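Student: Quick one: the structure is below, questions incoming.
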Ligand code: MN
């Protein structure tokens, strides 16, 4: 079945030093192999798409990008250059490629303006954010302008894993847990929960958050979030809906990097058939495994069609 994928990464030359900072999180051999695949916008990437019936991919810079740059002016300039670089690649093959903006969140006003430029002028569909920036998460009021712009532009924000500013003691002596095995999911799920419990989606009810990795385990937890929110020590905090309702209204998840049936059925059951979208996480995951998984998962055909391409077409207003 034809597929659209939306957690598919690339690398531009000036961002390699930032990408290298993640070498503590993944095995060094994988690192250089990934670089070659990330840099390719031609035969290699298209062959992996063609072999697996992936008609269109939304490309995003492999993190953390300029979000770890200490100099704000440099971050702003490079983000802009990186978006122009991606736009040029997309122009060469716009049938197959779309893009997520990369933003310098050190300057929230510039980040909002750059999102608008990317969507309006470059044809991008939203932005991908690699976790916190200088310790700030997207529930911080400094980002209300960004959310306001994203909501007005119908541009979803994809929160992709990144490292926190500190390394919590619970990971001491366990380097394997620091990264994709575990800590990235904890960090990213927590980021999403900050947005929900801050009331961000009461303020921006039409904003859309995208989470990868089958929702970073959150679809499994919705009932408990509602139940324990009721008795939590929440001070003056109020939400107009139950926490789970925001997930069903403002959050969509992708299947990136999770190729097993139980979490897929959990995500579909918890969030609804309109809120789960196929993705690979190329080149860090294998397109053939991800494709075979979704082609053979025990789903009714109409649901499979939505997950494979229908939901992405609706979310990004893509023509079939
Ligand atoms: Mn990824």
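Numbering (the working numbering), first residue to last: 1 to 320. Even for Gly, the Cβ is constructed at its ideal location relative to N, Cα and C. Predicted, not measured: the structure shown is a model, and the values here were computed from it.
How many angstroms separate the CA atom of residue 272 from the CA atom of residue 295?
Tutor: So the alpha carbons of these two residues sit roughly 19 Å apart.
Student: Does any heavy atom of the ligand MN sit closer than 7 Å to the C-beta of residue 212?
Tutor: At least one heavy atom of the ligand MN is nearer than 7 Å to the Cβ of residue 212, so yes.
Student: Near residue 218, which residues of its chain fall below 6 Å by C-beta distance, leaving aside the five closest residues on each side in sequence?
Tutor: The answer, listed in chain order, is 189.
Student: Going by the beta-carbon positions, is the gap between residue 114 and residue 105 smaller than 8 Å?
Tutor: No, these two residues do not count as a Cβ contact at 8 Å.
Student: Figure out for me which residue from 251, 93, 266 has the closest Cα to the Cα of residue 275.
Tutor: The shortest Cα separation from residue 275 among 251, 93, 266 belongs to 251.
Student: Would DSSP call residue 137 helix, strand or coil?
Tutor: Residue state, collapsed to three classes: coil.
Student: Taking the alpha-carbon positions, what's the residue 269 to residue 36 distance?
Tutor: If I take the Cα positions, the gap works out to 38 Å.
Student: Are the segment 36-49 and the segment 281-290 touching, with three or more C-beta to C-beta distances below 8 Å?
Tutor: Yes: at least three Cβ pairs fall under 8 Å.
Student: Please classify residue 98: is it buried, with 16 or more other beta-carbons within 10 angstroms of its beta-carbon, or exposed?
Tutor: Buried.
Student: If you follow the beta strand (DSSP E) that residue 129 is part of, which residue opens it and which one closes it?
Tutor: Here the beta strand (DSSP E) through residue 129 covers 126-130.
Student: So which of 54, 52, 109, 128 has the shortest CA-CA distance to residue 83?
Tutor: Nearest C-alpha to residue 83: 128.
Student: Could you check if residue 108 is buried or exposed, using at least 16 other CB atoms within 10 Å of its CB as the buried criterion?
Tutor: Buried, because 16 or more other Cβ atoms sit within 10 Å of the Cβ of residue 108.
Student: Report the CB separation of residue 2 from residue 308 in whole angstroms; it is logged as a contact under 8 Å.
Tutor: Rounded, the Cβ-Cβ distance is 7 Å, consistent with contact.
Student: What is the residue span of the beta strand (DSSP E) that residue 254 lies within?
Tutor: Segment 251-254, the beta strand (DSSP E) holding residue 254.
Student: Quick one: any contact between the segment 163-180 and the segment 229-246, if contact means 3 or more CB pairs under 8 Å?
Tutor: Contact fails: fewer than three Cβ-Cβ distances are below 8 Å.
Student: CA-CA distance, residue 314 and residue 150?
Tutor: Taking the straight line joining both Cα atoms gives about 17 Å.
Student: Identify whether residue 239 lies in helix, strand or coil by the three-state DSSP scheme.
Tutor: Three-state DSSP puts residue 239 in coil, outside helix and strand.
Student: With respect to 7 Å, is the separation between the Cβ of residue 400 and the closest non-hydrogen atom of the ligand MN below this value?
Tutor: Residue coverage of the chain in this structure runs from 1 to 320, which leaves residue 400 outside it and unanswerable.
Student: Relative to the ligand MN, is the shortest distance from any of its heavy atoms to the C-beta of residue 27 smaller than 7 Å?
Tutor: No, the ligand MN has no heavy atom inside 7 Å of this Cβ.
Student: Less than 8 Å separating the beta-carbons of residue 19 and residue 87?
Tutor: Against a cut-off of 8 Å, the Cβ pair of residue 87 and residue 19 comes out as no contact.
Student: Cα separation between residue 74 and residue 211?
Tutor: Looking at the two C-alpha atoms, the distance is approximately 28 Å.
Student: Which same chain residues, not among the five before or five after residue 243, have their C-beta less than 6 Å away from its C-beta?
Tutor: Cβ within range, chain order: 196, 225, 226, 229.
Student: By DSSP's criteria, residue 3 is part of a beta bridge. Which residues make up the other side?
Tutor: Partner(s): 54.
Student: Report the three-state DSSP secondary structure of residue 27 (helix, strand or coil).
Tutor: Looking at residue 27 - three-state DSSP - the assignment turns out to be coil, as it is neither helix nor strand.
Student: Measuring only the C-alpha atoms, how far is residue 45 from residue 93?
Tutor: One C-alpha to the other measures close to 12 Å.
Student: I'd like the span of the beta strand (DSSP E) that includes residue 99, first residue to last.
Tutor: Residues 97-101.
Student: Alpha carbon to alpha carbon, how far is residue 297 from residue 4?
Tutor: Taking the straight line from one Cα to the other gives about 17 Å.
Student: Once you ignore the five residues that flank residue 184 on each side, which residues in its own chain have a CB closer than 7 Å to its CB?
Tutor: Correct list, in chain order: 161.
Student: Who are the near neighbours of residue 202 in its chain, counting only those whose CB is closer than 6 Å to its CB and skipping five residues on each side?
Tutor: Around residue 202: 240.
Student: Could you have a look at residue 232 and say whether DSSP puts it in helix, strand or coil?
Tutor: Of the three classes helix, strand and coil, the one that applies to residue 232 here is coil, per DSSP.
Student: Using a Cβ-based criterion (distance less than 7 Å to any ligand heavy atom), does residue 316 qualify as near the ligand MN?
Tutor: Result no, Cβ not under 7 Å from the ligand MN.
Student: What does a CB cutoff of less than 7 Å around residue 111 pick up in its chain, not counting 5 residues either side in sequence?
Tutor: 103, 104, 105, 146, listed in sequence order.
Student: Report the CB separation of residue 6 from residue 254 in whole angstroms; it is logged as a contact under 8 Å.
Tutor: Right, the Cβ-Cβ distance comes to about 6 Å (below 8 Å), so this counts as a contact.
Student: What's the C-alpha gap between residue 12 and residue 277?
Tutor: Between residue 12 and residue 277, the C-alpha separation is close to 26 Å.
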